[in-house]
Structures are given as structure tokens and as C-alpha cells.
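Every position in the sequence shown, counted from 1, becomes a number in the numbering used here once 197 is added.
So the structure is just underneath, and the comments pick up after that.
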Amino acid sequence: MAQKYVSILQAMQQGSGSVSIHGWVWRERGSNKLKFVTLRDSTQVIQCVFEAVDFASRWSEIDKIQVEAALEITGEIKKDERAPTGYEIHVTDFTVVGKSENFPIGKDLSVEFLADNRHLWLRSRKMTAMLKIRSTVFGAIDEYFKGEGFYEYHSPIFQAVQCEGGSELFKVDYFGRKDIFLAQTWQLYAEPAIFALEKIYTIAPSFRAEKSVTSRHLTEYWHAEMEMAWSTFADIQMHGEKLLKHIFTRVLEKNRGELEILGRDVSKLEPIVTKPFIHMTYTDALKILKEKCGMDIEWGKDLRTIEEERLSSLYDVPVICSNYPKKVKAFYMKEDPADPRTVQGCDFLAPEGFGEIIGGSQREEDLEEIKKRLVEQGEKPEEYEFYLDTRRYGSVPHGGFGLGVERVIRWVCGFDTIKDAIPFPRNPERFKP
Ligand code: 4AD
Ligand code: MG
């Protein structure tokens with residue numbers, strides 16, 4: 198007769214009587230009379246006890262059970278204060294579904310070793326907790342945009358134009374052509390679609406040929422982007438703030454257990470939901486950096502990582518820094534009519550030094566201004582004809598932003614590095630497994 202397996206969490210909720218579970222061996226220890234196996238599944242871990250008196254003929258099989266073997270277990274569950282998660286199963290029957298010998302990952306291994314064995318390290322409590330939070334974050338982004346009336350829309354990954362600066366482009370060999378790149382952003386292919394759908398979003402991989410290894414850059418990351426017709430610059434900032442609040446609300450609802458496993462101080466996350474974000478212009482930011490941090494930055498220079506970190510560490514919610522100098526920002530950002538040296542673009546800087554999470558802007562509508570800025574940045578406007586058509590036929594005020602999903606996950610989890618926020622990280626030094 199086929200057994201009905203329940204999750205370990207369900208078994209614990211049942212609390213007594215006979216249960217059948219399946220999972221993987223997390224820990225094991227034993228003597229010639231007793232064997233303790235802590236089994237884990239995606240929901241929980243539980244201690245299971247094998248007694249030699251019950252399994253005289255199968256004891257050598259039990260004795261050989263090692264870490265990460267896959268087991269099916271039937272037994273009697275009961276409360277036991279001494280067991281790691283408060284319950285214990287007294288095993289009455291079992292099957293070794295998949296054996297495991299000398300699982301390479303034990304205690305105190307180097308970061309490099311764990312990275313080489315990422316495919317196995319994913320089973321760890323830390324990575325499992327991250328993966329669950331990651332799932333919540335992706336779901337919350339989707340839920341937010343759908344709830345606000347945005348359509349999901351997809352752009353190509355093979356692209357023939359650059360959007361965020363040529364030096365970070367990954368060229369691909371496209372049937373011998375060398376002028377095709379992997380997407381840095383969906384943006385130039387999203388703007389044409391707002392004339393059909395008005396409000397759109399995506400969650401898709403983006404690629405950046407960042408040459409340096411840092412705690413916040415990946416060469417392949419997941420990018421949540423939105424674009425909307427008829428927007429004001431204030432609308433773009435408002436959606437960024439509401440989106441982050443929604444993500445943090447869902448994580449705090451669903452993932453308290455995972456945050457505890459990760460040792461994350463939840464009181465650092467709560468203000469993101471409850472308090473308004475801080476708005477300031479780039480010019481104000483320079484003043485604050487000078488007054489409060491003793492950092493003297495010449496107007497016109499982009500903020501460096503260290504400056505962003507100092508600035509954002511003054512607050513417990515993100516800083517929405519706007520109106521950067523035109524020359525440090527991308528060609529498509531709208532010149533601010535109130536201060537034409539600056540653009541209506543903004544970066545969301547997360548507290549605790551987690552840095553830029555969102556970059557967005559109102560888009561320049563003026564065809565000639567865009568062409569001029571493309572030329573200034575060394576681009577050939579002829580190659581952007583398809584994009585320039587968006588400004589020729591019924592152009593409307595519009596804008597959008599991009600959010601780095603792993604940056605958010607790293608921040609939520611409180612990780613030292615963005616590498617821990619994605620199952621198989623890619624950076625210039627790490628592309629395997
Ligand atoms: O600021 P960025 O370059 O903006 C854009 O790509 C716009 N076209 C977005 C838009 O308006 N639709 O990138 C957006 C966000 C950054 O704020 C950051 O969170 C993330 O993408 N990001 C990275 N995340 C991980 N690794 C990298 N190398 C990243 N580069 C950017
Ligand atoms: Mg940016």
C-alpha cells in the first residue's frame with residue numbers, strides 16, 4: 198500500500214500517533230543500540246530514533262546511513278523537550294531511497310570550497326532560508342505590480358543598443374556579428390510598449406560586464422523594472438517606495454523563521470514598512486555629506502559607493518536621492534525644467550550600507566535633446582531609430598525604474614555579499630558550477 202507522506206511541519210502539527218515523512222539526513226549520530234537521525238525536508242527538521250531491538254536484521258543498513266541520504270520514515274511522533282525542534286519520531290519502518298557517502302560539506306569550510314560546491318551548499322539552512330525569502334520577494338514584486346494595474350511585458354535579451362553605458366556590455370557572437378549584446382535593462386524595448394499597455398513591468402535577468410568583484414555587483418542579476426505612460430517624476434518615486442514597502446511587508450509576514458535562522462535583526466526591517474522614506478536632492482546630499490560626514494564633494498561629481506554608504510547610514514529607511522547632474526546620468530533622463538543642470542532621475546539608497554537598490558527616472562520627451570545627448574555619449578542616433586520613434590508618434594510624459602532583486606534580497610537577509618542572494622552567482626571570478 199502506498200504510504201501517505203506528510204511534511205515534517207505537518208507531522209509536528211499532528212504531534213502524536215503514526216506519521217510517514219521523507220527527507221534528507223541533516224545530522225546523524227549513534228551507538229550499537231541507538232541511532233539518532235535528524236531528518237530535514239523543505240519545511241522543518243526533526244529527530245528520528247532507530248532502536249536496535251526493533252531492527253535486529255537491518256542494523257547494518259541503519260548503521261551506514263550518512264548525512265544527506267534520502268529516507269522515507271514511518272514512526273510514532275511525540276513531543277520531546279530534548280529534541281532539537283521539540284519533537285521526536287520513534288522509527289517503526291524506513292527505506293533508504295538514495296544513499297549518500299561522505300557528503301563533502303561539513304563544518305568550518307572555506308568560502309571558496311562552499312562556492313565550488315554551491316550545488317550541494319544550496320541544501321544548507323542558510324541557503325534554504327535565503328531561497329525561501331527569494332521566493333517571497335519575487336512573488337511580492339509580481340503581486341504589487343499586478344495589484345496596481347500593470348501588465349507583465351517582456352523585452353528581448355539579445356539587444357543591438359546600449360542603455361546604461363557601453364563599457365559594461367556583454368558582447369555575444371551572434372552568427373558572426375559582434376554588435377549584439379546581452380540586455381543591461383529592458384528599458385529601450387519597454388518604452389515602445391507603453392503606447393500599447395500604458396503600465397508595464399517585468400522581472401528578468403540583466404547582464405553587466407562589471408570588471409571588479411564587489412559585494413554588490415553580479416554580472417548576471419534579476420532586474421524588476423517598470424515603465425508607465427502619463428507619469429510624473431513623483432509617481433515613479435512613489436511606486437518605488439510602495440513596492441519596497443510591499444516586499445518588506447510580505448517578508449515580515451511569511452519569513453520570520455528564515456530571518457531568525459539567518460540571525461537578521463528584524464527591528465532593522467520594520468521601519469521600511471512603517472516609516473516614510475527620506476527625499477533629498479543630490480545638491481542637498483552634498484550639503485549633508487559636508488556637514489554631517491565631513492566629506493567635501495565637488496558639485497557635478499557622481500556619488501561614490503563610500504559617499505552613498507555614509508549618507509544612507511544616517512537614516513533607518515532608504516534615501517531617495519534625486520536631481521543628479523545631467524552629465525553623470527544616462528541619456529534618456531529628463532532634464533528638470535526647474536534646474537536644467539540636473540535630471541529628474543533618482544536612486545534609492547538602502548540603509549546599513551546596502552547601497553543603491555533602485556535607479557529610475559522621468560524620461561526625456563524631446564527628440565532633439567535625446568539625439569544631442571546620445572551624440573555627447575558617443576552613440577550614433579541612427580542606431581536608435583526604433584527608440585526615437587517613441588518620441589515621434591504620440592510621445593507622452595513617462596518614466597520608470599529598475600530594482601536589483603538580489604540587492605533587495607541581500608539587504609533583507611543582511612548578507613555581507615550579494616553572492617549569497619542568488620543560487621549560482623556570476624561575477625568575473627565565479628561562473629561555475
Ligand atoms: O541603475 P540602473 O543601471 O538602471 C537601469 O538599468 C534603468 N534602465 C532602469 C530603469 O529605469 N528601467 O540599474 C537598476 C538597478 C540598480 O539600482 C541596482 O539595484 C541593480 O539594477 N543593478 C545591479 N544589481 C546587481 N549587480 C549589478 N551589476 C547591478 N547593476 C545594477
Ligand atoms: Mg543606477
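Note that CB positions come from ideal geometry on N, CA and C, so glycine has one too.
- Taken atom to atom, the span from the alpha-carbon of Thr289 to that of Cys610 is near 39 Å.
- Sequence-distant partners of Met327 (beyond 5 residues in either direction) whose C-beta falls short of 6 Å from its own C-beta, in its chain, are Cys610.
- Between the segment 513–533 and the segment 431–438, the count of Cβ pairs shorter than 8 Å is three or higher; the stretches touch.
- DSSP, read as helix, strand or coil, puts Ser213 in coil.
- Only buried fits Asn452, as 16 or more other CB atoms lie within 10 angstroms of its CB.
- Boundaries of the beta strand (DSSP E) harbouring His595: His595 to Gly601, taken from the DSSP string.
- Taking a cut-off of 8 Å for Cβ pairs, the segment 268–276 and the segment 210–225 touch, as three or more such pairs fall below it.
- With fewer than three CB-CB distances shorter than 8 Å, the segment 313–326 does not count as touching the segment 350–366.
- For secondary structure counted as the beta strand (DSSP E) over 3 or more consecutive residues, the segment 364–410 holds these complete runs in sequence order: 368–371, 374–379 and 396–404.
- For His420, the closest alpha carbon among the candidates Lys323, Tyr371, Glu340 and Phe335 is that of Phe335.
- With a contact defined as Cβ atoms closer than 8 Å, Phe310 and Glu265 miss out at about 16 Å.
- Secondary structure within the segment 307–375: the alpha helix (DSSP H) runs of 4 or more consecutive residues, fully enclosed, are 308–313, 315–318 and 322–344 (chain order).
- In the structure shown, the three-state DSSP call for His414 is coil.
- Distances between the C-beta of Thr282 and the heavy atoms of ligand 1 are all 6 Å or more.
- In chain order, Gly550 place their CB closer than 6 Å to the CB of Glu506, counting only its own chain and leaving out the 5 sequence neighbours on each side.
- For the set Lys329, Gly591, Lys232 and Leu486, the Cα lying nearest the Cα of Ser239 is the one of Lys329.
- Per DSSP, the continuous alpha helix (DSSP H) segment holding Thr502 begins and ends at Thr502 to Ser509.
- In the structure shown, Val222 adopts extended strand secondary structure according to DSSP, grouped into three states.
- If you check the CB distance, Glu424 and Ala393 do not come in under 7 Å.
- Here the segment 487–504 makes no contact with the segment 556–572; the two share fewer than three CB pairs at distances below 8 Å.
- A distance of 7 Å or more separates the beta carbons of Ala547 and Ile555.
- Across the set Thr382, Ala357, Leu385 and Ala380, the C-alpha of Ala357 shows the shortest separation from the C-alpha of Arg374.
- Contact between the segment 623–630 and the segment 405–415 is present, with at least three C-beta pairs closer than 8 Å.
- The beta-bridge partner set that DSSP reports for Val234 consists of Glu225 and Cys245.
- Placement of the Cβ of Phe598 at a distance of less than 6 Å from at least one heavy atom of ligand 1 is found.
- According to the DSSP assignment, Ala431 belongs to the alpha helix (DSSP H) that extends over Phe430 to Lys451.
- Annotated three-state conformation of Gly591 is coil, per DSSP.
- Residue pairing for Val514: DSSP places it in no beta bridge.
- The continuous stretches of beta strand (DSSP E) do not include Tyr584, which lies in the alpha helix (DSSP H) extending over residues Glu582 to Leu585.
- At least one heavy atom of ligand 2 sits closer than 6 Å to the Cβ of Gly556.
- Of Leu268, His476 and Arg588, the smallest CA-CA separation from Thr235 is found for Leu268.
- For Lys531, DSSP records no beta bridge to any residue.
- Judged by DSSP in its simplified three-state form, Gln559 adopts strand.
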